[in-house]
Every structure is written in structure tokens, then in C-alpha cells.
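Peer 1: Have a look at the structure that comes next, please.
2 protein chains.
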Amino acid sequence: MNNSVSIKDIAKKFKCAPSTISRALNDHPAINIETRKTIQEYALKVGYQKNTLSLSLLNNCSMTLGLVLPSITHYHESSMLEGMEEILLKSGYLLNICVSNESHTIEKEYIDRLLANRVDGLFISMAQESYDQQLGEHIDRVIQRSLPVIFIDRPNHGVASDRVVTDDYQGAFMATKHLIDMGCQRIAHLHGPSGISVSQQRFLGYQDCLIAHGRQVEADLIQYVHFSAESAIQATRILMQSDSKPDAIFGVNDEVCIAAMFVLREMGISVPNEVAIVGFDDIPLASFGHPPLSSVSRQSRKIGEEAAKLFLSKKDQKLEPVTISLDPKLIIRESSLRS
Amino acid sequence: MNNSVSIKDIAKKFKCAPSTISRALNDHPAINIETRKTIQEYALKVGYQKNTLSLSLLNNCSMTLGLVLPSITHYHESSMLEGMEEILLKSGYLLNICVSNESHTIEKEYIDRLLANRVDGLFISMAQESYDQQLGEHIDRVIQRSLPVIFIDRPNHGVASDRVVTDDYQGAFMATKHLIDMGCQRIAHLHGPSGISVSQQRFLGYQDCLIAHGRQVEADLIQYVHFSAESAIQATRILMQSDSKPDAIFGVNDEVCIAAMFVLREMGISVPNEVAIVGFDDIPLASFGHPPLSSVSRQSRKIGEEAAKLFLSKKDQKLEPVTISLDPKLIIRESSLRS
């Protein structure tokens, strides 16, 4: 399909060896400067394009990296991606971005394709299915080939590899501590999908903070949701209709908290005085909620930047795997600020 | 860096010709079935990976497509991307996704890199800078090479090429007509950044609808914003502090409308009775606003699916350029529903 002009075509036109054309195009001093100019102008005119595929076969380096994400519709992931691209662009790398939709089969297929395309490294945030079923063979194969692999957000617990994560546990602990400080007695949790590291870490931070402050962790104060706003509607109704209603909710992300506030408004329950709320991710719309939503910021853009920098610092040398853990920040707004 | 095993390495091990190994790995019946099995098992064990780079040089087909977007932090873009990937994955294509951040220089650099990587086609939503300055040479070069180019969202007016767009003009017309039907007299517009097709089309739809209904288009009812929520704060305040306040706002997207509703709440102005509001994009959080936000849906996911299908239907044949224009849908919620 590519209608491209090769060095051979140009050589034919000028009745000389392809090596002469190659040298002329690379400004080699062995070629007369006038000849170089003529050949370069002709190459531009006919649309000659250096073939980095051939070059990458020679150099064993494709200047392309793979990024496999479970989804890309959330602010956290797209913002992380922007941070990553900013750093990589400067170093001349292109990103092959693939979305697994949390499916192990798709993730595996993408990784095979990326390997076949000879990527120079892989960033991966594992699909829920791979995580749940502890399927890591497809990633082990990458590591066996000495290709740099950097885990993002969701570490692969079985493998010693580089990783960049936010300390979700610490963030959840801070959010829960803040709700305790605000005088909340019965703090509920909208728990993320099980089997995903961020859900688990945020639950553990919530749980351990309650225990550290002499509180009980009550099963009927925990409701499971997906990461979507919709999934929190029913969960919030169940929490508020129980005999032992909560007076605070810590949600696994901002979307579920915005939906929870919507349900509370419908039920005539005031936020923060009857129910205080804290979310996670600090999405741009959190500050425009009614009321503005307190949230834990994950420094999403910085995660991407750090992952890219980690790849660049390690690509030419074998170093011990490191974990970069970014501190979360609690942003307090009206939704949890009790007077 | 790649520690990979080649067909030659395997041939050496089995003391036979590389072509025998290649046939065995491709299950060629000329090779004894036992031998095939032994070679295939060995290849799996040592981590042999088919090199699609070599294959793509032979076939002149990389099975990789480029996608260049101005940004990826909005629901519309990431949702479109998911639709596109779903279709392409089934056909074995990988997407090289690149984010131009609205910069012409970055866009140009990415396109050069994608050409050098021998992509089989290009999807592009042009950067604002390229659009403003009518810079299209970098794209003309792609088209000259007979590489399929499909424009998304923002058409390149100078070039006859395939495109998939939402009819933004029609969507804006519908939104404005709805506000007129609700009895609104002074309909303001939060106008998107100039020079971008979607901003312009949405403004024109608003303008022509007003004119078609005998209304005047008043300069002091139009305020410019970016696509971010933050950018609408000041713009909304200016609108509401003017001598001739609006009783409705049609915003260029949902984020600016959610921020506008925030400002109106702060000012004690009721939505929809004092000011009715309609946004654009129908992001998932629109329905959880206070009040739920009316919005024009662009069918974002479908745009991605249609663009992918268009590429697949045309990749092997030279056909006349087509434009697929998807009908927008007006979703009416409380923010514009006057009693």
C-alpha cells in the first residue's frame, strides 16, 4: 500500500550505486556538495522517507515503547499518559498504546504483538483478569527477553521489576483519618472491584486507620462498586437505607463520590453535616461538585513522568529493580469540612 | 537490548536450513509432523518470537496505524479511542497513539516518526496550531504517498480526504432551539477556542438557530473559554454581572457548563428557572450534576468505530473520499427543563 520511493529508485534515476545515494542523503563529505544537494532535493521532491524499520533491524532498537492499560477513559490514566508522552517525545520515543479492557486475553495478544514489533520496553498496568487469576506468564516472557518492563499502578506481585505507584494505602489512611478528625463516627467505604491492587490498598488503608483509632470495621458499612459513577447509585442507597446509616463515606474514586452526593441530594441528606464525603484521584470536576468534593490526589501526571524517566535512566544498563512510590495529597474541600 | 532467538539460531541447533525451521514453525506439511512438534516446542522454550518487523519489510505492511490527537484527557477522545481499538484489534492492527498538545511542531514530528515507522494509515484530529495557521504540508506529504488518511472531528478543509465527524452544527442548532422552546429570551454562548472546527461549528449552529427564530446575536452574550471547567468561571461571572444578563447558556462542552452551574449556585441564581443550561458531549458525570445537565451527545465511541471501519473498508482499494457525519442526540435533563 505504501507508495514509497526507495534508495534504489533514486540510485536508478541518478545512475549510481545505492551507497552513493545513502551517503548523499546523510551528508557524507565523500560526496561532492553540489551532488549531495541535487540528490537531497530530488529525494524531498519524490517524497523519500528514511525507513526506520530497516534501521531498527540493523540497530536492534525500534525507538518504540509499548504501554498497556486496562482502560483510558478515566482522568488518571489519560493524565498519566500525557506526562509519559511529554518526557518520551523529547527522547525520540513513540508510544504504542494498547487498551486491554481488563481482559487477560486481549492483554496477552497485545503483548505478543508488541514483542513482534520489537518494542524497546514495556509499561504495563495489568488487566483485572490477569491480576485475579494471577496470570503473569505473558509478562514473564517479556522479562526473560531482558526487555525493560515498568509496572504502573498495579504491581505484579510475583515478579521483581520496576514499578511506579502512588501509595494508595497511605492516601486512604489519610482520607479516613481526616473523616475521624471531623468527628465522623460511622465511616462507610465504597469499595472498588476486588482483585485490583488500588481497590485493595485503598480498603486496607481505610481498615487499618479505623483499627488504629479503636474503631470497628463493619461489614454493613462496606459496599462494592465499579469505578463508574453509575455503579455507586444502588450502593449508596443500600448504605443509607440500612438500620445503621453511616455519617461519612470514603469512596474508591471521585466518580463514585459524585454519584453518591447525587443520591444523598435526592434523599434530602445534607453533605457534609449529615454525611461527610472524601473521594480519590482529584479529577478536575471534583472542585465543581455540589458541594466541592474533598479528594486524595494521586499526582497522575507525575506517575507518567516518573515511569518515562525510569525507563530512560535504565535502558542502557542492568540495574536492580526499583519501586517509585509517590506520596498522595489530601485536598480538603467542603464535602468533608464539618463546622 | 533484545535478547531474542532467531530462526538461524534454531536452525543451528537442529543442524538444518533456516527455511526448514520456518516451515516447521508455520506448520508446513512438507515437514514431518514429529519434527514440526519438536521444533515448535523448542522455539517456545527458548522464547522465539516471529519478527514482524522483517515480515513488514517483506510485505510492505506494518499492521500498525497512527492516531494523532490534540489531547486525550477528555471523555470524548478516550471514548472514541476505545471504539477504534475495539474494531482494529479484531483485524490485528495496533495503534500508535500520539498526543500533539495542540502544537503544530509536535504534530509534524509525530507524523514524520509514524511515516518512518511505515504505518499503514493515519487517523488525525488536527492540532489547533496547524488549524489556525492553515499548516497542512505535513499531511499533504502523507497523502502524496497514497497512505490512507482519515480525519476525525476536525476536518482539514484544504484536502479531499476521508473524514468522520459529528454534525456539531446540527447539535448546536438543536440545543439552541430547545432553549428557545423552553421560553428563554436571552441565550448566551460559552464559545470554545477560536480556530478549532468544533468551536466554530457549534457557534454557527447557535447563531443560525437564533437568526432562524428572529433573534439577534448579541456580542455581549458570547464569552470565550477553553475546554476546561476552570476557564468558564470568569466567563460566567462576566455574563451574569452584565447589564443584560442571559436567561440561558449554551456551552461548548459539559465541563464548562458544570463550572457555570457552580458559579450560578455561588451567586444564588437558580438553574433552570433563572438560567437554563445545555452542554455538549454528554460526559458520564453530566447526569450527576446539580441539577443533571442537558447535553448534546456526540456518539464518541461510534466515531472511533466508524473511523476504524472506514480504514478497513478502504485499505485495499482506491475509492473516492467520503465523509461520515454522525447525528448528534439532544439529551434533555433538569438543567434546561423549565416548568
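Residue numbers (full-length UniProt numbering), protein chains in the order written: chain A, 1 to 339; chain B, 1 to 339.
For every residue, glycine included, the Cβ atom is placed at its ideal position computed from N, Cα and C.
Keep in mind the model is a prediction, meaning the values are calculated, not measured.
Is the Cβ-Cβ distance between Tyr75 of chain A and Ile332 of chain A less than 9 Å?
Peer 2: Locating residue 75 of chain A in the first sequence gives position 75, counting from the first residue. Locating residue 332 of chain A in the first sequence gives position 332, counting from the first residue. Against a cut-off of 9 Å, the Cβ pair of Ile332 of chain A and Tyr75 of chain A comes out as no contact.
Peer 1: May I have the straight-line CA-CA distance separating Val217 of chain A from Gln185 of chain A, to the nearest angstrom?
Peer 2: Taking the first residue of the first sequence as position 1, residue 217 of chain A is located at position 217. Taking the first residue of the first sequence as position 1, residue 185 of chain A is located at position 185. Distance between the alpha carbons of Val217 of chain A and Gln185 of chain A is about 12 Å.
Peer 1: Mind checking whether Phe280 of chain A and Arg298 of chain A have CB atoms under 9 Å apart?
Peer 2: Here residue 280 of chain A is taken as the residue at index 280 of the first sequence, counted from 1. Here residue 298 of chain A is taken as the residue at index 298 of the first sequence, counted from 1. The answer is yes: Cβ separation under 9 Å.
Peer 1: How would you call Asp120 of chain A, buried or exposed, if buried means at least 16 neighbouring beta carbons within 10 angstroms?
Peer 2: Your numbering for residue 120 of chain A matches position 120 in the first sequence. By the 10 Å Cβ count, Asp120 of chain A comes out buried.
Peer 1: Starting from the beta carbon of His290 of chain A, find every residue of chain B whose beta carbon is closer than 9 Å, and list them in chain order.
Peer 2: In the first sequence, counting from the first residue as 1, residue 290 of chain A sits at position 290. Neighbours of His290 of chain A across chain B, judged by C-beta separation under 9 Å: Met261, Phe262, Arg265, Gly289 and His290.
Peer 1: Output needed in chain order: residues of the stretch 93-107 of chain B with a Cβ under 8 Å from some Cβ in chain A.
Peer 2: Leu94, Leu95, Asn96, Ile97, Cys98, Val99, Asn101 and Ile106
Peer 1: Suppose the cutoff is 8 Å on Cβ atoms and the five residues either side in sequence are ignored; what does the same chain contact list for Leu310 of chain B look like?
Peer 2: The count along the second sequence starts at 1 and reaches residue 310 of chain B at position 310. Taken in chain order, the residues that qualify are Ile150, Asp162, Val164, Val322 and Ile324.
Peer 1: Looking at Met126 of chain A: is its Cβ nearer than 9 Å to the Cβ of Glu107 of chain A?
Peer 2: Numbered from 1 along the first sequence, position 126 holds the residue referred to as residue 126 of chain A. Numbered from 1 along the first sequence, position 107 holds the residue referred to as residue 107 of chain A. Pairing Met126 of chain A with Glu107 of chain A gives a Cβ-Cβ distance under 9 Å.
Peer 1: What did DSSP end up calling Leu65 of chain B once you bin it into helix, strand or coil?
Peer 2: Taking the second sequence and counting its residues from 1, the one referred to as residue 65 of chain B is at position 65. Strand, per DSSP.
Peer 1: By the DSSP assignment, the alpha helix (DSSP H) with Gly83 of chain A in it spans what residues?
Peer 2: Numbered from its first residue, the first sequence carries residue 83 of chain A at position 83. Start and end: Tyr75 to Lys90.
Peer 1: Anything in the stretch 73-92 of chain A with a Cβ closer than 9 Å to a Cβ of chain B? List those residues in chain order, please.
Peer 2: Thr73, His74, Tyr75, Glu77, Ser78, Ser79, Leu81, Glu82, Glu85, Glu86, Leu89 and Gly92
Peer 1: Which value, in whole angstroms, describes the spacing of the CA atoms of Ala286 of chain B and Leu293 of chain B?
Peer 2: In the second sequence, counting from the first residue as 1, residue 286 of chain B sits at position 286. In the second sequence, counting from the first residue as 1, residue 293 of chain B sits at position 293. In a straight line, the C-alpha of Ala286 of chain B is about 5 Å away from that of Leu293 of chain B.
Peer 1: Taking Cβ-Cβ distances shorter than 7 Å, what residues in chain B pair up with Gln144 of chain A?
Peer 2: Residue mapping note: residue 144 of chain A aligns to position 144 of the first sequence, counting from 1. Per Cβ cutoff of 7 Å: Gly47.
Peer 1: I'd like to check one pair, Arg36 of chain B with Ala17 of chain B: are the Cβ atoms closer than 9 Å?
Peer 2: Your numbering for residue 17 of chain B matches position 17 in the second sequence. Your numbering for residue 36 of chain B matches position 36 in the second sequence. In this structure, Arg36 of chain B does not lie closer than 9 Å to Ala17 of chain B by Cβ.
Peer 1: Short check: CB of Pro70 of chain A to CB of Gln134 of chain A, under 9 Å?
Peer 2: Here residue 70 of chain A is taken as the residue at index 70 of the first sequence, counted from 1. Here residue 134 of chain A is taken as the residue at index 134 of the first sequence, counted from 1. No; because the gap between Cβ atoms is not below 9 Å, this pair is not in contact.
Peer 1: Can you tell me the Cβ-Cβ gap for His178 of chain A and Ser336 of chain A, rounded? I've got them flagged as a contact below 8 Å.
Peer 2: As a first step, residue 178 of chain A must be located in the first sequence, where it is residue number 178. As a first step, residue 336 of chain A must be located in the first sequence, where it is residue number 336. That belief holds up - the Cβ atoms of His178 of chain A and Ser336 of chain A are roughly 6 Å apart, short of 8 Å.
Peer 1: For Leu53 of chain A, which three-state DSSP category applies?
Peer 2: Residue numbering aside, residue 53 of chain A sits at position 53 when the first sequence is read from its first letter. Bear in mind that a pLDDT of 47 at Leu53 of chain A, under 50, signals an unreliable position, so the number given afterwards is only what the model happens to contain. In this structure, Leu53 of chain A counts as helix in the three-state DSSP scheme.
Peer 1: Among B:Val271, B:Gly289 and B:Lys318, whose alpha-carbon lies nearest the alpha-carbon of Arg338 of chain B?
Peer 2: Position 338 of the second sequence, counting from 1, holds the residue named residue 338 of chain B. Cα-wise, what sits closest to Arg338 of chain B is B:Val271.
Peer 1: Could you give the C-beta distance for Ser78 of chain B and Ile72 of chain A, rounded to a whole number, given that I count them as a contact under 8 Å?
Peer 2: Position 78 of the second sequence holds residue 78 of chain B. Position 72 of the first sequence holds residue 72 of chain A. Yes, they are in contact, since the Cβ atoms of Ser78 of chain B and Ile72 of chain A sit about 5 Å apart, within 8 Å.
Peer 1: Can a CB atom of chain A be found closer than 9 Å to the CB of Thr52 of chain B?
Peer 2: Along the second sequence, one-based indexing puts residue 52 of chain B at 52. With a pLDDT of 49 at Thr52 of chain B, under the threshold of 50, the predicted position of this residue should be treated as unreliable, though the coordinate-derived value follows. By this cut-off, Thr52 of chain B is an interface position.
Peer 1: Taking only beta-carbon atoms, is Arg333 of chain B less than 9 Å away from chain A?
Peer 2: One-based indexing of the second sequence puts residue 333 of chain B at position 333. Not an interface residue.
Peer 1: Say whether chain B places a C-beta atom closer than 9 Å to the C-beta of Arg154 of chain A.
Peer 2: Position 154 of the first sequence, counted from the first residue, corresponds to residue 154 of chain A. With 9 Å as the cut-off, Arg154 of chain A does not count as an interface residue toward chain B.
Peer 1: On the criterion of 16 or more Cβ atoms from any shown chain inside 10 Å, does Ile7 of chain A qualify as buried, or is it exposed?
Peer 2: In the first sequence, counting from the first residue as 1, residue 7 of chain A sits at position 7. Under this definition Ile7 of chain A is a buried residue.
Peer 1: Could you have a look at Gly304 of chain A and say whether DSSP puts it in helix, strand or coil?
Peer 2: For the purposes of this step, residue 304 of chain A is taken as the residue at position 304 of the first sequence. Note: Gly304 of chain A maps to helix in three-state DSSP.
Peer 1: Taking buried to mean at least 16 other C-beta atoms within 10 Å of its own C-beta, is Leu210 of chain A buried or exposed?
Peer 2: For the purposes of this step, residue 210 of chain A is identified with residue 210 of the first sequence, where counting begins at 1. Counting Cβ neighbours within 10 Å, Leu210 of chain A comes out buried, since at least 16 surround it.
Peer 1: Among the candidates A:Phe14, A:Lys13, A:Leu326 and A:Gln40, whose CA atom is the shortest distance from the CA of Asn26 of chain A?
Peer 2: One-based indexing of the first sequence puts residue 26 of chain A at position 26. Cα-wise, what sits closest to Asn26 of chain A is A:Gln40.
Peer 1: At 7 Å on the CB atoms, spell out the chain B contacts of Ile7 of chain A, in chain order.
Peer 2: For the purposes of this step, residue 7 of chain A is taken as the residue at position 7 of the first sequence. Chain B residues near Ile7 of chain A: none, gap ~13 Å exceeds 7 Å.
Peer 1: Across which residues does DSSP place His191 of chain A in a beta bridge pair?
Peer 2: For this step, residue 191 of chain A is matched to residue 191 along the first sequence. For His191 of chain A, which the question treats as bridged, DSSP gives the partners A:Tyr224.
Peer 1: Based on Cα-Cα distance, which residue from A:Ala43, A:Asp9, A:Leu88 and A:Ser197 lies nearest to Lys315 of chain A?
Peer 2: Here residue 315 of chain A refers to the residue found at position 315 when the first sequence is read from its first residue. Minimum Cα distance to Lys315 of chain A is reached at A:Leu88.
Peer 1: In three-state terms, what does DSSP make of Ser146 of chain A?
Peer 2: Taking the first sequence and counting its residues from 1, one reaches residue 146 of chain A at position 146. It is coil, neither helix nor strand.
Peer 1: Looking only at C-alpha atoms, which of A:Asp112, A:Ile187, A:Pro148 and A:Thr105 sits nearest to Phe123 of chain A?
Peer 2: Translated into the one-based positions of the first sequence, residue 123 of chain A becomes position 123. It is A:Pro148 whose Cα lies nearest to the Cα of Phe123 of chain A.
Peer 1: Tell me where the alpha helix (DSSP H) around Cys209 of chain A begins and ends.
Peer 2: Counting from 1 along the first sequence, the entry for residue 209 of chain A is found at position 209. From DSSP, the alpha helix (DSSP H) with Cys209 of chain A extends over Ser197 to Ala212.
Peer 1: Do Phe227 of chain B and Ala172 of chain B come within 9 Å of each other at the CB atom, strictly closer than that value?
Peer 2: Here residue 172 of chain B is taken as the residue at index 172 of the second sequence, counted from 1. Here residue 227 of chain B is taken as the residue at index 227 of the second sequence, counted from 1. It is not a contact, given that the beta carbons lie outside the stated cut-off.
Peer 1: Are there 16 or more other CB atoms within 10 angstroms of the CB of Pro246 of chain B, so buried, or fewer, so exposed?
Peer 2: What you label residue 246 of chain B is simply residue 246 of the second sequence in a count that begins at 1. The residue is buried, with at least 16 neighbouring Cβ atoms inside 10 Å.
Peer 1: Can you grab the Cα-Cα spacing for the pair Pro291 of chain A / Ile258 of chain A, in whole Å?
Peer 2: The sequence position of residue 291 of chain A within the first sequence is 291, counting from 1. The sequence position of residue 258 of chain A within the first sequence is 258, counting from 1. For the pair Pro291 of chain A and Ile258 of chain A, the Cα-to-Cα distance works out to about 9 Å.
Peer 1: Exposed or buried, which one is Phe262 of chain A when buried takes at least 16 other CB atoms within 10 Å?
Peer 2: As a working mapping, residue 262 of chain A is identified with position 262 in the first sequence. Phe262 of chain A is classed as buried because its beta carbon has at least 16 other beta carbons within 10 Å across all chains shown.
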